[in-house]
Amino acid sequence: MKYADPHACPACRGAISGGISCPHCAFDLTSREAQQLWGLFVQADGLVEHGRALQSRAPRPDPEPRPAVAAAATNATSAAPANPVAPGAYRPAVPTAAQHSWSTGSILLGLGAVCLVVAGIIFTTVAWGVLGILGRALILLVVTAIAGACAWWATRRRLFGTAESLWSVFLGLITVDVLAAVGQGLFGLEWGDFAVVSLVWTAGVVGTAVALVRWARAEFGHELVMPQIAAGLAPWVSAPALMDRLIDLGDQDTWFWSAVAALAVPLVVTVLGVRLRMPWATWGAGFLTLCLGVFAVVLAVIHAQSGSPVLTLGEALPTFTLIVAALVGGVLVLALRPWLVGAATVGLLFLVGVAASGWAWRADAPGSIAVVAVAVVVAVLAVAVVRPDAWSLGVRWGTLVTASALLLWAGAVALMNLERIDVADRYLTPADVWARPVDISVREDWKVLAVVAALLVVWWGMGRWPAPRFVPDELRLPVALVAGGAGVVTAVASSALPFLVHAIALVVVGATLAFGLRRAPAWFAVVPPVVVAMAAVVVPGDSSVTAWTWGLVAAGFGLCALAGFDDPVETRRGTSAVSLGLATAAVIATIGLVLNLSDTDGAWWSTIIAGCAAAALLLTLALDELPWHRIAVEVVAAFALVVAVVSADGLATVALLFTIGAVAAAVVGLLDDDRTHLRWVAAGLVGGAWVTRLAASEVGTVEAYTAPFAVAVLAAGVWRLREDSGSRTWSVLVPGLTLALLPSLPQALADPTSLRAGLLALVAAGFLAAGVMLRWGAPVVAGSAVVLVLVLANVGPTALALQRWILIAIAGLVLLVVGTTWEKRVAEGRALVARLAALR
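For the sequence shown, my numbering gives the first residue as 11, with consecutive numbering after it.
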C-alpha cells in the first residue's frame, strides 16, 4: 500500500478518475491544500521504505504475518497502471529517494553530549570543593560508568547516533577523571608530572577507542567515528607536553631530541590507525606527525649549521638520525618507501653541502663551492641510479628535489642581470669601451657554469629514467639549450667583466639559440630575439659602449631573422619577420648614436635618419617574396621617418624630410605593383612638403595651400568618372569642389569687391558652366551657390541702403506674384529639383 496514490482522493481516499474534484466528497483536487497533502503522503512513503530497509538488515520474526489477501491487494494496487491525469487536475509530484543528512535528532544528541561534558567540567570546578576526595572520586567514577553503560546499551540497540554522542561523553569524562585526579593530587600525581599523566591518558583513550571500534565493527558492522577522532586528537595533548617536559629537563641542545621523542607518540597512533583501519584516528595523529616531523627537520638543519664552520659529528648527528629513521621507515612501509628514501637522499646531500662549505672555509675559498659539490653529487646520482625499483625511485626523487633547490640558487644568481641593468642606468657615461661595473654585490662567475653544467647532466640523465618523467623527449634538447645559454649569461652577469662583454654574451647566446632551436616547438622561437634585445639594456646609455652594443644587437637580430626566414611554420616566419624589423631599427639606432657621439648638427641628424628610413624602404623591393619581412621593415622605415620629423629643427627641414620620404615611397609604388598604395602615400608626403615649405616661407595666401590639393583631388575625381560610368559627381567631385571654393569664401565675403572675390566668382562660374555642359550635378550646385552668395554679398549693401518702404513694397509684390501663380511655381520647383537630380 502507498499513501501517495494518484487514484485515491487525499481527503476521503475514494477512487478518482482524473477530474478536478472528488466525485465522492467534492474535494477540490487542484487546490493548494491537495498539493500539500500529496507532499505529506510522499514523505510518509519514504519513512516507511526507510524503516523497512532497516528491518531488512536485522531480520526479526514477524509476530503477526500479513494475510495473503492483504498482500495480494497491496501488490495489485502497486502494480496497477497509472491512468493519465487531466490537465489542471490533481498532479502528484514524483517521489524521490531518501537522502542521508544530519537530522534534528542527531543535532540534538550532539548538543546534549556537549552539554553533559560542560556540566561535568562546571561541576568539577564549582561544586567540587564541597565533597570530600572519596565522594568526588566515587561521583566521577559512577558518572563515567553510567555514561559508558548507556553508550554500550545504545550501541547494542543499534542506536548509533546516540551511541556516538554517549561514547564522546564517556571519553570526555575519562579525561575529566584524569584531570581531577591530577588536580587533587591523587596517587601522588602533580601538574609537574603532566607529561607522564598525559601519556597514560593518551594510552587509555587510544586503547579504549581501539577496543570500541573493533567491538562495534565485529558485532554490528558499524564504524564508530567519535572514538577514532578522540584517539587521533589525544596525541595533540601528550606530545607537546612530553616535548616541553624534556626541554625543561635539558638545555637548548635537547630541542631536537625532545621533538623526536614527542614525534613517537603520534607516530604510534598513526601506525595503529593504519593497521586497524581507523581513518579518523590516522588523519588526526598523522597531521601532528607531519608537523612534528617538519619541526624536527628544521631543528636538525639549524643544529647542523649553528656550530663551527666545519661540520662535526655532533652537529651532523640529528640530521643523520633522521636519515636513518627515513631508511628504516622505507624498509618497513613499502608504500612510503620512495618518499622516505627521497627524504633520506635530500638529507645526505644536505650534509654533503654543509661539509663542503666547512672545507671551503678552512681552505679560505668561496662558500658557494659547496653548491658546486652538491651539484656534482646530484649529477652522479642522476646518471648512476636508473633501476626501476622503489629504492632507486626514492633516490631519484631526492635528486630532483635537490636539483630544484640548485636551480633556485642559479635563478637567484640570475637576478644579477637585473642588477647589471640597474648599475648601467646609474653609471656615468664612460669614455672607455671596456668599462667595468665596480659595485656588483654577487660574484659567482665560474661556479654558476659548474652548477648549470651539473644540472644539464641531470637533465640528460632524466631521459634514461624509467620514472619519474616530467617532460616529453622532444623538449629535452630545447630546454637544455635555453638553460645552458642562461647559465653562460648569468656567469658573465655575476662577474666583474666589462659591460660590453655582457652584451656580447647575450647576443652570441641569442644567435646560437636561434639556430639551435630550429627543430624545437614553435613557441621557442620567441626566446632568441628576447635574449638579444636584453643586450641593449645592460650597458650605459649615450656612450661608445652603447653604439657598439646596438651594432651587435643589429647583427644578432639579423641572425635570428636568418634562422627562420624560410621556415614552413608560420610562428617561426613571423618571429623571423619581427627580428628583421628589429634588426633594421637597431641599424638606424646605431647610426643615430654614432651621429650623437660625433656632435652632428640637429638638421643633419634628422636628414640622415630620414635617408636611412628611405633606404630601408627601397631595400624592401628585394623582399618581394617575403611579405611578412617586408611589412616589418616598412613599419620600421615609417617609424624612423616619424622620429626624424619629430626631431627636426625647423619647418624647412621637415619639408625636406617629407620630400625624401615621398621620393622613396613613389619609387617603390611605381616599381612594385603590390605596393601601389605607396603612390598615394608619396602624394600625401608631397602635399605635406608643399605645405611645410610654404609655412617656412611665411606665405599667408590661403589659396597657395589649398589650390594644388584641390586640383589634385578634382583630377582624381574626373579620372574616376571616366573610368567608372556608374559613379556620380555627388560623391566623387564634392571633396575637390569643397577644397577649391570653400577656403577662399570667408575672405571673399569680407571684401566682396576684391580681386580674390572676383577670381572666386570666375572659378565658380567656370564650375557652373562646365557642369551645365557636361550635365554634372555637383559642379552646377557648387558653382551656382558660390556665385549666388557673392552676388548677394555685392548687392546686399546697396539693397540695405534703400528706404524701408521700398523694400517692403518689393517684398509685397514678390509675395503677390508667387501667391497668384503658386501652383505653377511649385510645379516649376519640382521640375528644377528633378532636373538637378537627373544630372550625373
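Positions of the beta carbon are idealized from the N, C-alpha and C atoms, including for glycine. The structure presented is a predicted model; accordingly, all values stated were derived computationally and were not measured.
{"Asked": "Proximity winner among V153, I619, A336, relative to G303 (alpha-carbon distances)", "Found": "A336"}
{"Asked": "Endpoints, alpha helix (DSSP H) assigned at W786", "Found": "W786 -> no alpha helix (DSSP H), and no H or E assigned at all."}
{"Asked": "Alpha-carbon to alpha-carbon, V646 and L592", "Found": "8 Å"}
{"Asked": "First and last residue of the uninterrupted alpha helix (DSSP H) at P539", "Found": "537-544"}
{"Asked": "Segments assigned alpha helix (DSSP H), at least 4 residues, entirely inside the stretch 464-529", "Found": "486-503, 509-526"}
{"Asked": "Assigned exposure category for V320 - 16 Cβ within 10 Å defines buried", "Found": "exposed"}
{"Asked": "N- and C-terminal bounds of the alpha helix (DSSP H) containing L234", "Found": "Taken as a continuous stretch (DSSP letters only), L234 belongs to no alpha helix (DSSP H), as it is neither H nor E."}
{"Asked": "Straight-line gap, W560 to G568 (C-alpha atoms, nearest Å)", "Found": "12 Å"}
{"Asked": "Cβ-based burial, S378 [other Cβ within 10 Å; buried from 16]", "Found": "buried"}
{"Asked": "Proximity of P476 and P398 at Cβ, strictly below 8 Å", "Found": "yes"}
{"Asked": "Other residues of its chain near V579: CB distance less than 6 Å, five sequence neighbours each side excluded", "Found": "A532"}
{"Asked": "Sequence-distant residues of its chain with Cβ nearer than 8 Å to D634 (five each side left out)", "Found": "R640, D682, D684"}
{"Asked": "Neighbourhood of W4 by C-beta, 8 Å cutoff - its chain only, sequence neighbours within 5 removed", "Found": "In this structure the chain extends from 11 to 850, so residue 4 is not present and cannot be described."}
{"Asked": "Which of helix, strand or coil DSSP assigns to D38", "Found": "strand"}
{"Asked": "Spatially closest choice to A642 from A415, L667, A595, by CA coordinates", "Found": "A595"}
{"Asked": "Short Cβ contact (8 Å threshold) for V502 with V542", "Found": "no"}
{"Asked": "For A191 and A383, the rounded distance between their alpha carbons", "Found": "58 Å"}
{"Asked": "Same chain only: Cβ atoms within 8 Å of L661, ignoring 5 sequence neighbours per side", "Found": "T702, R703, A705, A706"}
{"Asked": "Three-state class that DSSP yields for P69 in the structure shown", "Found": "Low confidence applies to P69: its pLDDT is 49, below 50, so where it sits in the model is not reliable enough to give any reading."}
{"Asked": "Cβ shell of A513 (< 7 Å), same chain only, five flanking positions each side left out", "Found": "A545, V548, V549, T559, L562"}
{"Asked": "Simplified DSSP assignment, three categories, for A25", "Found": "strand"}
{"Asked": "DSSP state of S31 mapped onto helix, strand, coil", "Found": "strand"}
{"Asked": "Rounded separation between A413 and L403 - CA only", "Found": "15 Å"}
{"Asked": "Continuous alpha helix (DSSP H) stretch holding Y715: start and end", "Found": "712-733"}
{"Asked": "Cut-off 8 Å between Cβ atoms - residues of its own chain near V215, not counting five sequence neighbours on either side", "Found": "L181, I184, T185, A240, A241, A244"}
{"Asked": "Under 8 Å between C-beta atoms of A496 and A424", "Found": "yes"}
{"Asked": "Length-filtered (4 minimum) alpha helix (DSSP H) runs lying within the stretch 301-355", "Found": "323-342"}
{"Asked": "Cut-off 6 Å between Cβ atoms - residues of its own chain near K457, not counting five sequence neighbours on either side", "Found": "S378, V382"}
{"Asked": "Alpha carbon of F297 to alpha carbon of A306, nearest angstrom", "Found": "14 Å"}
{"Asked": "Paired residues, beta bridge with A18 - DSSP", "Found": "A25"}
{"Asked": "Simplified DSSP assignment, three categories, for R738", "Found": "coil"}
{"Asked": "CB-CB length for L417 against L358, believed under 8 Å", "Found": "L417 to L358, Cβ: 19 Å. No contact."}
{"Asked": "Beta-carbon contacts of D455 that lie in its chain and below 7 Å, excluding the five residues immediately before and after", "Found": "A501, S504, S505"}
{"Asked": "L64 classed as buried or exposed, judged by whether at least 16 other C-beta atoms fall within 10 angstroms", "Found": "exposed"}
{"Asked": "Inter-residue CB distance, A400 and V461 (contact presumed, cutoff 8 Å)", "Found": "With 8 Å as the limit, A400 and V461 do not qualify as a contact, their Cβ atoms being about 29 Å apart."}
{"Asked": "Test item: CB-CB of G473 and W407 under 8 Å", "Found": "no"}
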